[in-house]
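Everything on this sheet refers to the single structure shown next.
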Amino acid sequence: MTLSGREAYRDELTLLAREDPSIICLEADLGGARHPFEEAHPDRFFNLGIAEGAMIDMAAGLAAAGYRPFVSTFAPFATLRAAESLKLTLGYIGAGVTVVAPYAGVSGAWFGTTHHGLEDIAVARSVPGVTVAAPHGEQEMRAVVREAAASGRPHYVRTGRNAVHESLSPAATAEPLVWDRHAGPGDVCLVSVGEEGTRLCTEATAVRDGLAHAHLCYLDHENLSSITGLLGERYSRFVVVEEHRAEGGIAEALALLMPRNEVHGVNAGRAWPTEGGDHHEVMASLGLHLPAVLDTVDRLTGPAPVSVRRPDATLTNA
1 MTLSGREAYR
11 DELTLLARED
21 PSIICLEADL
31 GGARHPFEEA
41 HPDRFFNLGI
51 AEGAMIDMAA
61 GLAAAGYRPF
71 VSTFAPFATL
81 RAAESLKLTL
91 GYIGAGVTVV
101 APYAGVSGAW
111 FGTTHHGLED
121 IAVARSVPGV
131 TVAAPHGEQE
141 MRAVVREAAA
151 SGRPHYVRTG
161 RNAVHESLSP
171 AATAEPLVWD
181 RHAGPGDVCL
191 VSVGEEGTRL
201 CTEATAVRDG
211 LAHAHLCYLD
221 HENLSSITGL
231 LGERYSRFVV
241 VEEHRAEGGI
251 AEALALLMPR
261 NEVHGVNAGR
271 AWPTEGGDHH
281 EVMASLGLHL
291 PAVLDTVDRL
301 TGPAPVSVRR
311 PDATLTNA
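Per full-length UniProt numbering, the very first residue in the sequence shown carries number 1; after that it's consecutive.
So this is what it looks like as structure tokens:
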């Protein structure tokens, strides 16, 4: 059974901790019943409650003592409520702490605006020295967790709530860039970020011929800089799809890194969600859905031919 990104993180970390006694798991009231790490390694699992800043400070001390701490809390609380602790621990000190942040974007849905995280990539990317990742699917999440544990470098890893996705690549390592589909050199290339951005891009390529799709896993400045040449040598026009605000997002970052290319974004915009709903309903209320992706492509390439299969009602409202 394929696991969600959040469950894949917990399972992979539990497996790694069997061989590495230095791995410690800290959670801020997200552990829940039957947390696999707590059951397997109860002496190395700590639930700090709703004390996110203190949790990251504690992780800094554990890292200084030679441990490899992984901490987890809601994305908005990790990057906003605990912003100073995150900056000092992961950035200034450069401690080998990995922050795994579920409930990114609006995956919290019914929890409301206080539990939505549409600014986390901007915050994490602004801290020098932090590896920022947004894996898609179980296999990519597992690879990111393994690489974070092996590297000892500070990491920020965003994921959703319980959505299950198949990774685009079964590789044992997580690559900064995964090509899902190629097209002609004059065609538009979709660039997907995170779980929902990748879902929307794969849906778009399924209903529209002639679209390329590149998926990005690692989003920090160093990793993005390393792949701009690979993107730019194949295509000149890009549409970046991300469950994040436009400000501080990856479309903005790529536009700065690729000034000779045309970069457009489909994102959560600047509005605040004011109504409840499930994950996809809240995304749609912000203008982040499949029609928005296709409309952006049409503005760049012209209307789709009449013969092209249109998405069904389920996809349209996703």
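Where a beta carbon is used, it is the ideal one built from N, C-alpha and C, also for glycine. Here the structure is a predicted model, which is why all the values come from computation and not from measurement.
Considering only their Cβ atoms, is the gap separating Cys201 from Phe238 smaller than 9 angstroms?
What you label residue 238 is simply residue 238 of the sequence shown in a count that begins at 1. What you label residue 201 is simply residue 201 of the sequence shown in a count that begins at 1. Against a cut-off of 9 angstroms, the Cβ pair of Cys201 and Phe238 comes out as no contact.
Inter-residue spacing [alpha-carbon to alpha-carbon] between Leu88 and Arg299:
On the sequence shown, residue 88 is found 88 positions in, with the first residue counted as 1. On the sequence shown, residue 299 is found 299 positions in, with the first residue counted as 1. Using only the alpha carbons, I get a separation of about 43 angstroms.
Helix, strand or coil: how does DSSP classify Asn47 here?
Along the sequence shown, read from residue 1 onward, the residue named residue 47 stands at position 47. It is a strand residue.
Since Ala95 and Ala63 are thought to touch, with beta carbons under 8 angstroms apart, how far apart are those beta carbons, to the nearest angstrom?
In the sequence shown, the residue the question calls residue 95 occupies position 95. In the sequence shown, the residue the question calls residue 63 occupies position 63. Indeed they touch by this definition, with Cβ atoms about 4 angstroms apart.
Can you check the region 5-67 for any alpha helix (DSSP H) of at least 4 residues that lies completely inside it and give the ranges in chain order?
Inside the region 5-67, DSSP marks whole alpha helix (DSSP H) runs of 4 or more residues at positions 5-19, 36-40, 52-64, from first to last along the chain.
Using 8 angstroms for Cβ pairs, my map puts Ala149 next to Asp120. What's the rounded Cβ distance?
Along the sequence shown, read from residue 1 onward, the residue named residue 149 stands at position 149. Along the sequence shown, read from residue 1 onward, the residue named residue 120 stands at position 120. The pair is not a contact, with the Cβ atoms about 21 angstroms apart (cut-off 8 angstroms).
Use the C-beta contact count for Tyr92: other C-beta atoms within 10 angstroms, 16 or more gives buried, fewer gives exposed.
Residue mapping note: residue 92 aligns to position 92 of the sequence shown, counting from 1. Exposed, since its Cβ has fewer than 16 Cβ neighbours within 10 Å.
Tell me which same chain residues have a C-beta within less than 7 angstroms of the C-beta of Thr113, skipping the five on either side of it?
Against the sequence shown, residue 113 aligns to sequence position 113. Here Thr113 has Trp272, Pro273 as same chain residues with Cβ atoms under 7 angstroms from its own Cβ, once five neighbours each way along the sequence are excluded.
What are the boundary residues of the alpha helix (DSSP H) that includes Leu254?
Counting from one through the sequence shown, the residue named residue 254 turns up at place 254. 250-257 is the extent of the alpha helix (DSSP H) around Leu254.
Would you mind working out which of Val97, Ile50, Arg125 sits nearest Ile250, comparing C-alpha positions?
Counting from one through the sequence shown, the residue named residue 250 turns up at place 250. Out of Val97, Ile50, Arg125, Arg125 has the C-alpha closest to the C-alpha of Ile250.
Check this for me: beta carbons of Ala133 and Val157, under 9 angstroms apart or not?
Mapped onto the sequence shown, residue 133 falls at position 133. Mapped onto the sequence shown, residue 157 falls at position 157. Pairing Ala133 with Val157 gives a Cβ-Cβ distance under 9 angstroms.
Looking only at its own chain, which residues have a Cβ that is under 7 angstroms from the Cβ of Pro185, when we skip the five neighbours before and after it?
The residue given as residue 185 occupies position 185 in the sequence shown. Sequence-distant Cβ neighbours of Pro185 in its own chain, meaning closer than 7 angstroms and more than five residues away, are Arg234, Tyr235.
Of the choices Trp110, Val97, Arg146, whose alpha-carbon is the least far from that of His155?
By 1-based counting over the sequence shown, the position of residue 155 is 155. Ranked by Cα distance from His155, the options Trp110, Val97, Arg146 are led by Val97.
Determine the direct distance from the alpha carbon of Arg260 to that of Glu19, and round the result to whole angstroms.
Here the question's residue 19 lines up with position 19 in the sequence shown. Here the question's residue 260 lines up with position 260 in the sequence shown. If you take the alpha carbons of Glu19 and Arg260, they lie about 48 angstroms apart.
Backbone secondary structure at Val293 - three-state DSSP:
Position 293 of the sequence shown, counted from the first residue, corresponds to residue 293. DSSP, read as helix, strand or coil, puts Val293 in helix.
Is Pro69 helix, strand or coil when you go by DSSP?
Taking the first residue of the sequence shown as position 1, residue 69 is located at position 69. It is a strand residue.
With a 10 Å radius around its C-beta and 16 neighbouring C-beta atoms as the bar for buried, classify Gly5 as buried or exposed.
As a first step, residue 5 is located in the sequence shown; it is residue number 5 there, counting from the start. Residue environment analysis places Gly5 among the buried positions, since at least 16 neighbouring C-beta atoms fall within 10 angstroms of its C-beta.
Taking the straight line between their C-alpha atoms, what separation do you get for Asp312 and Ala60?
Walking along the sequence shown from the start, residue 312 turns up at place 312. Walking along the sequence shown from the start, residue 60 turns up at place 60. For Asp312, the predicted model reports a pLDDT of 42, less than 50, meaning its position is unreliable and no value from the coordinates is stated.
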